[in-house]
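Input: a single structure, listed below in structure tokens.
Chains as they are written, first to last, in the working numbering: chain P, 1 to 166; chain H, 167 to 617.
The structure is reproduced here in structure tokens:
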């Protein structure tokens with residue numbers, strides 16, 4: 001009985017489950033409500049319950065698993081060489097897709113760091129979709145690999161010489 | 167010490183008297199004293215007041231974040247063709263040519279599914295628009311007002327200390343009556359008296375169990391009730407679905423035989439009435455299962471079979487793929503739609519999070535279970551239709567009637583991975599779009615040449 005009461009009380013006076021919520025707000029530009037909602041999504045995907053997502057957690061989403069570029073998109077969340085992503089990294093990647101704030105484009109302050117959802121950062125994310133080995137260049141092979149992923153067995157190789165790499 | 171004991175015995179006797187005469191006996195005859203309906207009306211008014219109070223509280227305290235209603239993504243609801251056309255419009259591409267921007271369509275769709283997808287949310291309890299004064303559904307509790315907290319406290323007391331012991335007593339009485347009654351009826355020879363008695367025993371027991379959950383069930387279109395020799399299919403949310411449906415008719419249950427208490431109940435049930443229980447090894451053999459069910463249906467005098475074609479519990483916001491096995495047996499299908507009211511109690515069994523016992527405890531400490539059951543007109547397979555198409559047709563009818571979302575996804579995705587065939591579908595669709603645009607642009611060029 002005592003444990004039930006203490007559990008109820010601790011839920012009543014629940015402290016913020018997310019640490020550094022203010023820092024995340026500043027970095028990503030998401031509102032408090034959106035961060036809470038994304039945190040709830042993060043915990044529902046985190047089947048292991050250890051506060052990080054692995055690649056398997058992403059592949060468990062059926063709509064992502066049938067997406068031809070599902071693996072590449074998942075890789076975009078994981079920093080170089082790592083197998084786990086924490087909530088901060090999760091939200092930071094998603095912040096790229098926030099709509100561009102209109103006033104940011106107009107009052108360009110050169111000394112301030114660019115927000116995550118700026119045009120340049122969006123293009124960088126798109127570039128990384130093709131740059132599979134993260135060497136800063138898209139080679140012809142990488143392009144072909146991505147094309148093969150999207151088209152699958154419906155690709156017919158023609159005898160025409162393909163254009164050079166980018 | 168003696169006085170305390172006699173007092174305790176007297177209280178206990180009074181308690182049993184009240185339970186038996188005011189709840190169990192009327193329940194067995196299908197009557198009601200009306201207490202539950204009054205209780206539910208009071209509850210609904212209370213919850214409406216609580217909702218208004220919470221909304222007012224949120225306006226007064228703007229720092230308190232309110233939960234977002236539905237999704238934080240702005241989706242463009244177009245088909246792959248429309249969106250691809252928009253992406254490629256600015257470029258003049260030759261036929262069958264791939265553009266770098268094509269990948270962005272898949273990227274966008276992939277990210278949308280990471281933030282919010284249609285499938286995984288069906289395997290956890292539905293999010294409520296407003297708090298219903300249960301601790302377990304409290305997403306963002308902030309102290310709003312003293313009165314709200316007091317009501318919540320009273321609610322906790324009423325649910326755990328008054329309703330819960332009552333419900334447990336009723337459940338024990340109901341289940342023991344089922345086991346004893348069916349065993350006794352099983353001793354009779356096979357004649358119409360036995361069948362009638364077996365129906366009576368089953369009905370009374372399920373009615374007592376329904377009271378044990380404070381269930382208020384509303385049946386619609388009773389003229390379409392499943393007949394003997396038919397197959398009844400329904401959407402599956404919880405094991406309690408069986409109790410809900412069996413309150414209004416007798417069904418032959420289909421399932422796997424379990425051990426323990428469940429096994430005892432199953433074995434005694436089959437003594438009085440031909441239910442179809444399978445051993446675990448038999449379940450793997452689909453052919454054996456189908457032939458046994460077919461034999462049951464062919465004997466037109468047997469009770470209608472009750473099957474849940476989704477194969478697993480879904481959270482009652484949508485209907486997922488109906489497996490074709492049930493629709494290959496033949497016979498008339500009687501679809502039934504079941505919809506629970508989520509405000510007064512969450513009926514969904516999240517089997518990966520809770521086991522059966524904790525699920526039942528949670529259900530018995532909710533406010534109540536309010537459920538609507540719609541009987542749909544019988545359907546049979548039509549010429550030129552295969553089992554899959556028939557299954558989809560029935561699924562759409564059930565979803566439409568119950569006000570649920572009709573999804574084509576398989577419920578077994580709760581535990582398993584999606585098949586690669588679906589990814590290949592997406593790839594084929596994209597190739598078709600590019601090739602089609604190829605033929606459109608080729609026609610344009612040809613026309614320009616000719617003119």
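Yeah, the Cβ is synthetic: ideal placement off N, Cα and C, and Gly gets one too.
Rounded separation between residue i and residue j - CA only
| i | j | result |
| --- | --- | --- |
| residue 286(H) | residue 580(H) | 7 Å |
| residue 596(H) | residue 572(H) | 25 Å |
| residue 28(P) | residue 324(H) | 45 Å |
| residue 86(P) | residue 73(P) | 16 Å |
| residue 627(H) | residue 218(H) | Residue 627(H) is absent from the structure shown; chain H starts at 167 and stops at 617. |
| residue 599(H) | residue 440(H) | 55 Å |
| residue 187(H) | residue 434(H) | 26 Å |
| residue 106(P) | residue 30(P) | In this prediction, residue 106(P) has a pLDDT of 48, which is less than 50 and means its spatial position is unreliable; what the coordinates show is noted afterwards. If I take the Cα positions, the gap works out to 20 Å. |
| residue 428(H) | residue 268(H) | 55 Å |
| residue 342(H) | residue 312(H) | 44 Å |
| residue 400(H) | residue 555(H) | 17 Å |
| residue 359(H) | residue 418(H) | 18 Å |
| residue 277(H) | residue 576(H) | 22 Å |
| residue 463(H) | residue 395(H) | 5 Å |
Coil, strand or helix - residue i by DSSP
| i | result |
| --- | --- |
| residue 568(H) | helix |
| residue 461(H) | helix |
| residue 541(H) | strand |
| residue 245(P) | Missing from the structure shown is residue 245(P); chain P here goes from 1 to 166 and no further. |
| residue 333(H) | helix |
| residue 398(H) | strand |
| residue 579(H) | helix |
| residue 444(H) | strand |
| residue 33(P) | helix |
| residue 404(H) | coil |
| residue 106(P) | Bear in mind that the predicted position of residue 106(P) carries a pLDDT of just 48, short of 50, making it too unreliable to give a figure here. |
| residue 245(H) | coil |
| residue 311(H) | coil |
| residue 52(P) | strand |
| residue 339(H) | helix |
| residue 485(H) | strand |
| residue 547(H) | coil |
| residue 480(H) | coil |
Within 7 Å, strictly: CB atoms of residue i and residue j
| i | j | result |
| --- | --- | --- |
| residue 339(H) | residue 397(H) | no |
| residue 75(P) | residue 96(P) | no |
| residue 480(H) | residue 560(H) | no |
| residue 281(H) | residue 65(P) | no |
| residue 288(H) | residue 484(H) | yes |
| residue 202(H) | residue 382(H) | yes |
| residue 193(H) | residue 377(H) | yes |
| residue 271(H) | residue 249(H) | yes |
| residue 348(H) | residue 437(H) | yes |
| residue 351(H) | residue 328(H) | no |
| residue 534(H) | residue 494(H) | no |
| residue 147(P) | residue 264(H) | yes |
| residue 511(H) | residue 524(H) | no |
Chain H contact residues for residue i, given Cβ-Cβ distances below 9 Å
| i | result |
| --- | --- |
| residue 22(P) | Result: empty, since nearest Cβ-Cβ is about 13 Å, beyond 9 Å. |
| residue 94(P) | 277, 280, 281 |
| residue 44(P) | 286, 287, 290 |
Closer than 8 Å at the beta carbon, the chain H residues around residue i
| i | result |
| --- | --- |
| residue 87(P) | Neighbours of residue 87(P) on chain H: none; closest Cβ ~13 Å, over 8 Å. |
| residue 100(P) | Within chain H, no residue comes near residue 100(P); the closest Cβ sits about 13 Å away, beyond 8 Å. |
Unbroken beta strand (DSSP E) run spanning residue i, endpoints
| i | result |
| --- | --- |
| residue 418(H) | 418 to 422 |
| residue 505(H) | 499 to 506 |
| residue 472(H) | 471 to 473 |
| residue 383(H) | 381 to 386 |
Contact set between residue i and chain P, taken where Cβ atoms lie within less than 7 Å
| i | result |
| --- | --- |
| residue 432(H) | Ordered by position in chain P, no residue passes the 7 Å Cβ test against residue 432(H), which lies about 32 Å from the chain. |
| residue 597(H) | 151, 154 |
| residue 584(H) | 62, 65, 66 |
N- and C-terminal bounds of the alpha helix (DSSP H) containing residue i
| i | result |
| --- | --- |
| residue 376(H) | 358 to 378 |
| residue 95(P) | 87 to 95 |
| residue 218(H) | 201 to 226 |
| residue 192(H) | 191 to 194 |
| residue 438(H) | 426 to 438 |
| residue 179(H) | 168 to 184 |
| residue 145(P) | 140 to 151 |
Neighbouring residues, chain H, relative to residue i (Cβ below 7 Å)
| i | result |
| --- | --- |
| residue 61(P) | 279, 280, 283, 286 |
Proximal residues of chain P, C-beta to C-beta of residue i below 8 Å
| i | result |
| --- | --- |
| residue 575(H) | 62 |
| residue 268(H) | 150 |
| residue 561(H) | The contacting residues do not exist; residue 561(H) stays about 18 Å from chain P at best. |
| residue 594(H) | 152, 154 |
Contacts that residue i makes with chain P (C-beta to C-beta distance below 9 Å)
| i | result |
| --- | --- |
| residue 588(H) | 62, 65, 66 |
Minimum Cβ-Cβ distance from residue i to chain C less than 7 Å
| i | result |
| --- | --- |
| residue 144(P) | Within the model displayed, chain C is absent; protein chains P and H are what it includes. |
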